[in-house]
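Residue numbers (our numbering): 87 to 147. Here a beta-carbon is modelled for each residue, glycine too, at the ideal position from N, C-alpha and C. Heads up: the structure comes next, in structure tokens.
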């Protein structure tokens with residue numbers, strides 16, 4: 087099963103979001119840079135999801 091580059095990007099951003107949320111919970115400084123990174127990753131995931139849906143016509147992997 088080979089994955090196209092769009093699916094690899096989606097998987098990468100899912101992992102990045104999870105890591106960012108975990109790091110933000112451990113970092114006690116005032117800046118929430120990891121939370122911001124997680125939020126941006128979710129936005130990118132939404133955009134990539136719509137591109138994936140438009141290119142395949144369905145949500146199936």
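For residue 109 and residue 132, the rounded distance between their alpha carbons: Reading the chain shown from its first residue, position 46 is the one you call residue 132. Reading the chain shown from its first residue, position 23 is the one you call residue 109. Near 22 angstroms, if we compare the C-alpha coordinates of residue 109 and residue 132.
Contacting residues, own chain, Cβ-Cβ under 8 angstroms from residue 121 (five flanking each side not counted): Numbered from its first residue, the chain shown carries residue 121 at position 35. The residues are 106, 107 and 110.
Buried or exposed by the 16-neighbour rule on C-beta atoms within 10 Å, applied to residue 96: Taking the first residue of the chain shown as position 1, residue 96 is located at position 10. That one is buried.
Rounded separation between residue 102 and residue 141 - CA only: As a working mapping, residue 102 is identified with position 16 in the chain shown. As a working mapping, residue 141 is identified with position 55 in the chain shown. Each residue's alpha carbon lies about 24 angstroms from the other.
For residue 124 and residue 138, the rounded distance between their alpha carbons: To locate residue 138, count along the chain shown from 1; it is residue 52. To locate residue 124, count along the chain shown from 1; it is residue 38. Rounded to whole angstroms, the separation of the alpha carbons of residue 124 and residue 138 is 20 angstroms.
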